[in-house]
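These notes concern the structure reproduced below.
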C-alpha cells in the first residue's frame with residue numbers, strides 16, 4: 066500500500082499559562098492520553114505558522130501549511146472571505162467583502178448594517194447571484210453571517226486598482242462610486258458600480274424587504290462592497306506537490322482555501338464546526354479520504370472557539386474531542402502512514418484572539434527519530450527533537466516521509 | 066495602563082568558554098542573580114542577530130533587532146559611520162568616511178593620517194561643516210577619533226555611483242578625483258571633488274595647522290573621503306510598527322541608528338559608554354522613556370569593551386553592571402510590561418572582535434511560556450523554550466505580547 070500523510074489540525078490550539086489551571090495551558094491541563102501516546106512514539110517540536118511572533122490568521126496559516134507562501138498568495142480579505150462564505154473563487158477573480166445596508170430615496174445611507182438583518186439574506190442573495198455585468202463579467206454573491214456577504218466578479222482582465230469609495234463607512238452619507246486608479250481598471254470600476262446600482266433596483270421591492278418594512282425594520286435595499294482584492298493564481302495542489310489530497314474541514318474559510326488549492330472536500334456527517342461536532346465522524350471521513358488520496362488535511366474548529374470566547378473550560382473540552390479524533394484515526398493507520406498533529410495558530414484564552422506564539426507539533430510514523438517528549442503540550446514539545454520549524458516546512462517533511470518528494474540535486 | 070516592551074541589550078555580550086574561568090564564559094562566570102531570576106521566570110533561548118554564524122556588527126545587529134533587514138538597509142560604512150560620529154543622516158544623503166591628511170605644495174600626499182592628529186580636529190571640522198557645494202548640495206562634516214571623520218552630502222539626486230579614487234590609499238601619490246560611473250552621478254562627483262579642493266583652501270592657514278607646523282607636526286591640510294554610500298530611505302519606526310519608541314544608548318553608532326529609524330533619544334546623566342558608566346542612571350532614564358513610549362531600546366556598551374580588549378575580568382564586571390541595570394528596570398515594571406534581555410552580538414575575549422556565535426535571550430512578562438532554564442548564560446539558554454530565533458523575529462514576538470501587532474489574515 067502506498068504511504069500516506071494526514072495533517073491533523075486543532076484550530077487555535079496554542080495558548081498561554083492560565084493561573085486558574087495552576088499555570089498550565091488548556092492543552093497541558095486537558096486529558097489527552099492518545100495525543101500523549103503519539104507524542105511519546107513520535108518526534109515533537111514547535112512550529113511557527115508564518116514566522117516567530119507573527120499573528121497568523123487561519124487563512125494565512127493554512128496557506129503556509131499547504132505549502133503556499135502567504136506573503137505571495139494572500140491578497141487581502143476580499144478573496145478569502147468570499148472563499149469563507151462558500152463562493153467558488155478562481156485565480157484572476159475580483160472579490161469583495163459586502164454589507165447589506167439601508168438607503169433612503171435620495172441614496173443616503175440610513176443604516177450600514179440594515180438593522181443587523183439576520184434572516185432572509187439567503188433569499189436576497191439569490192436575487193443578485195449570477196448577475197451579468199458589462200464587459201462579460203458575472204457576479205457571484207452569497208450571504209455570510211448577519212448583514213455580511215461576499216461578492217466575486219468573474220471575467221477577463223479584472224483589476225483591484227479601483228478606489229475603495231463605494232461604502233462611505235458611515236451612516237448619513239451618500240453611496241460613493243469606485244474610480245479606476247489605473248486606466249486598465251475602468252471595466253472593473255464600471256462593473257462594481259453597476260452591481261451596486263442593480264442591487265438597489267432588484268432589492269427595492271423584494272418580498273423580504275416588503276416584509277421587513279411591514280414589521281418596521283430597515284430594509285436591506287443596497288449592497289455596499291469594500292476591500293477589493295484580486296484572487297491570485299495558485300498552482301493546483303497536485304502540481305505543487307506531485308500528489309493529490311483531500312480535506313475534512315469544518316468552517317467556510319478553510320473549506321474555501323482547501324477547494325481553492327485543489328483539495329477534494331469530504332463532508333463528515335454531524336460535523337458542525339461547533340462544540341457539538343461529531344469528532345468520530347470526522348475521523349471516519351478522514352479515513353475515507355485517505356483511502357483515495359495520499360494526503361489528507363483535517364481541521365477541528367472547536368479549540369479556537371474556546372480561545373476566542375476566553376472560555377478555557379470549553380477549550381479543554383474541545384481539545385479532548387481532538388484527542389479522541391486523533392485516536393480514532395491513529396487506530397486505523399498502517400505502518401506506512403504518517404500523521405502530523407498540530408495547531409494552525411495560537412488563540413490564548415487571555416487574549417481572545419490569535420497570538421504570535423508557536424504551536425506544539427508531533428510527527429508520527431515509521432522511522433521518525435523519536436525524542437524524550439512523552440506528553441503533547443506547548444512546553445513539553447519545546448524540548449522535542451524537531452526544534453522550531455515554520456509552517457511552510459511541514460509538507461516538505463511529510464512528503465519525503467511518504468516517498469513523494471523529488472530530490473533537489475543529484 | 067498600556068502594555069510596554071523594553072529591549073535590554075548588553076553590547077557584545079556573547080562569548081566562548083575560557084580556560085582561566087574553568088571553561089565558563091564571562092556571562093556564565095559572572096554573578097548575575099537578577100538576570101538568573103529573570104531567566105527562571107521567563108522563557109529563554111538563543112538568537113542569531115542576522116543568521117547563524119554571521120558576524121554581525123553592532124549597526125547591522127541593531128537594524129535587525131529593530132525590524133529593519135540589514136540586507137536591505139545596510140548600505141556600507143559611509144552612512145553608518147557618519148551616524149556614529151553624530152551627524153544627522155537622512156534617506157537620500159550621500160555619506161563618506163574621511164581622513165585628515167597632509168599634502169605638500171604639489172598636491173602629493175605626504176601623510177594619509179596627518180601625523181595621527183588627535184587634537185584640534187573639532188576646530189578643523191567646524192571650518193568645513195555646512196559648506197555649500199555646486200548643485201544646491203550642503204556638506205556636513207564632523208571629526209571622529211584621531212585622524213578620522215565623517216562627511217554627509219545633503220541635496221537632490223545624489224548618487225554613490227562615483228569612483229572611489231580621491232584617496233590613493235598610499236603616501237607619495239597625488240590626490241585623485243572622483244569620476245561619475247553613471248551619467249547621473251556627475252553632480253555628486255563634482256560636489257565631492259569641490260569639497261576636497263575647498264578643504265585644501267580652508268585648512269591651509271587654519272590656526273590649528275599653523276600651530277602644528279610651528280611644533281614640527283604634519284598639518285591636517287586636506288580631507289580625503291572614501292567609501293561613498295547612499296543612505297537608504299527607511300520607514301519611520303512608528304510607521305514600521307504602529308507604535309513609537311525611545312532609546313537610551315551610549316555610543317554614537319547606535320545613537321545614530323536609533324535616531325535614523327525615528328526613536329527618540331533619552332540621555333542618561335553619567336552614561337559614558339565606558340567602564341565607569343552609571344548603569345542605575347541608564348535604568349532610571351529607560352523608565353522615563355517607557356513612561357512616554359510603549360517601546361524602549363537600551364544598550365550598555367561595557368561588555369563589548371572587555372571582549373575587544375580580550376579582558377575577561379573587565380567583561381565580567383561590565384556584565385555585573387548589566388545585571389544591576391536590568392534589576393533596577395525589572396523592579397519598576399508592572400504586570401503589563403515585557404522585557405527582552407539579550408546581546409546584540411558576541412565579542413569573545415579570545416577573538417577580540419565580533420564572532421558569529423548566537424546570543425542568549427530571555428523574554429519575561431505575563432503569559433510567556435516558561436521553561437526549565439534558571440540561569441542566564443550561553444549554554445543554559447540553549448536548552449530554553451524559545452529555541453533558536455533570529456534578530457528580526459524579536460520585535461514581532463514583543464509587539465504581539467503588547468497587543469500592537471495587526472493580524473496577518475483572518
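Protein chains in written order, with the working numbering: chain C, 66 to 475; chain G, 66 to 475.
Just so it is clear, CB atoms sit at the ideal spot from N, CA and C, and this is done for glycine as well.
Just how far apart, CA to CA, sit residue i and residue j?
i	j	result
residue 121 of chain G	residue 411 of chain G	8 Å
residue 157 of chain G	residue 125 of chain G	19 Å
residue 223 of chain G	residue 243 of chain G	14 Å
residue 112 of chain C	residue 474 of chain C	27 Å
residue 256 of chain G	residue 159 of chain G	11 Å
residue 193 of chain C	residue 350 of chain C	35 Å
residue 235 of chain G	residue 173 of chain G	10 Å
residue 385 of chain G	residue 449 of chain G	22 Å
residue 249 of chain C	residue 358 of chain C	42 Å
residue 427 of chain C	residue 402 of chain C	14 Å
residue 399 of chain C	residue 360 of chain C	14 Å
residue 247 of chain G	residue 253 of chain G	10 Å
residue 238 of chain G	residue 138 of chain C	58 Å
residue 109 of chain C	residue 389 of chain C	19 Å
residue 273 of chain C	residue 288 of chain C	15 Å
residue 229 of chain C	residue 266 of chain C	22 Å
residue 164 of chain G	residue 215 of chain G	9 Å
residue 301 of chain G	residue 464 of chain G	16 Å
residue 431 of chain C	residue 201 of chain C	54 Å
residue 466 of chain C	residue 78 of chain G	41 Å
residue 218 of chain G	residue 205 of chain G	6 Å
residue 145 of chain C	residue 167 of chain C	25 Å
residue 314 of chain G	residue 69 of chain G	18 Å
Can you name the start and end residues of the beta strand (DSSP E) that residue i belongs to?
i	result
residue 270 of chain G	Note, residue 270 of chain G: premise wrong, no beta strand (DSSP E); not H, not E.
residue 133 of chain C	Per DSSP, residue 133 of chain C belongs to no beta strand (DSSP E) and is neither H nor E.
residue 374 of chain G	First-last for residue 374 of chain G: 367–374, but that is the alpha helix (DSSP H), not the beta strand (DSSP E).
residue 408 of chain G	402–408
residue 454 of chain C	453–455
residue 313 of chain C	310–314
residue 148 of chain G	From DSSP, residue 148 of chain G is part of no beta strand (DSSP E) but of the alpha helix (DSSP H) over 142–149.
First and last residue of the alpha helix (DSSP H) that includes residue i?
i	result
residue 422 of chain C	Note, residue 422 of chain C: premise wrong, no alpha helix (DSSP H); not H, not E.
residue 389 of chain C	377–396
residue 321 of chain G	317–326
residue 444 of chain G	443–446
residue 470 of chain G	Here residue 470 of chain G belongs to no alpha helix (DSSP H), and DSSP marks it neither H nor E.
residue 353 of chain G	344–355
residue 434 of chain G	First-last for residue 434 of chain G: undefined, no H or E at that position.
residue 280 of chain C	First-last for residue 280 of chain C: undefined, no H or E at that position.
residue 304 of chain C	302–306
Give me the DSSP bridge partner(s) of residue i.
i	result
residue 293 of chain C	Paired residues: none, contrary to the question.
residue 213 of chain G	G:164
residue 69 of chain C	C:402
residue 411 of chain G	G:78, G:420
residue 288 of chain C	C:165
residue 208 of chain G	G:214
Quiz prompt | Contained alpha helix (DSSP H) runs [length at least 4] in the segment 159–205 of chain G, N- to C-terminal order | solution = 186–193
Self-check item: Touch test, the segment 433–447 of chain G against the segment 100–109 of chain G, Cβ-Cβ under 8 Å, three pairs minimum
Solution: yes
Quiz item: What runs of the beta strand (DSSP E), each 3 residues or longer, lie entirely inside the segment 80–130 of chain C?
Solution: 108–113
Self-check item: Any 3 or more C-beta pairs closer than 8 Å across the segment 180–198 of chain C and the segment 128–142 of chain C
Solution: no
Quiz item: Touching or not, the segment 399–407 of chain C and the segment 73–92 of chain C, by the rule of three or more beta carbon pairs under 8 Å?
Solution: yes
Quiz item: Three or more beta-carbon pairs under 8 Å between the segment 291–310 of chain C and the segment 332–349 of chain C, yes or no?
Solution: no
Quiz prompt | Stretch-stretch touch, CB-based, cutoff 8 Å, three pairs: the segment 362–376 of chain C with the segment 412–428 of chain C | solution = yes
Quiz item: Within the chosen definition, does the segment 273–288 of chain G reach the segment 319–327 of chain G through at least 3 CB pairs nearer than 8 Å?
Solution: no
Quiz item: Going along the segment 433–457 of chain G in order, which residues come within less than 9 Å of chain B, judged by CB to CB distance?
Solution: Among the protein chains in the structure shown, which are C and G, there is no chain B.
Quiz prompt | Any 3 or more C-beta pairs closer than 8 Å across the segment 376–395 of chain C and the segment 340–348 of chain C | solution = yes
Exercise. Determine, using beta-carbon pairs with one atom in the segment 146–154 of chain G and one in the segment 204–213 of chain G, whether at least three such pairs fall under 8 Å.
Key: yes
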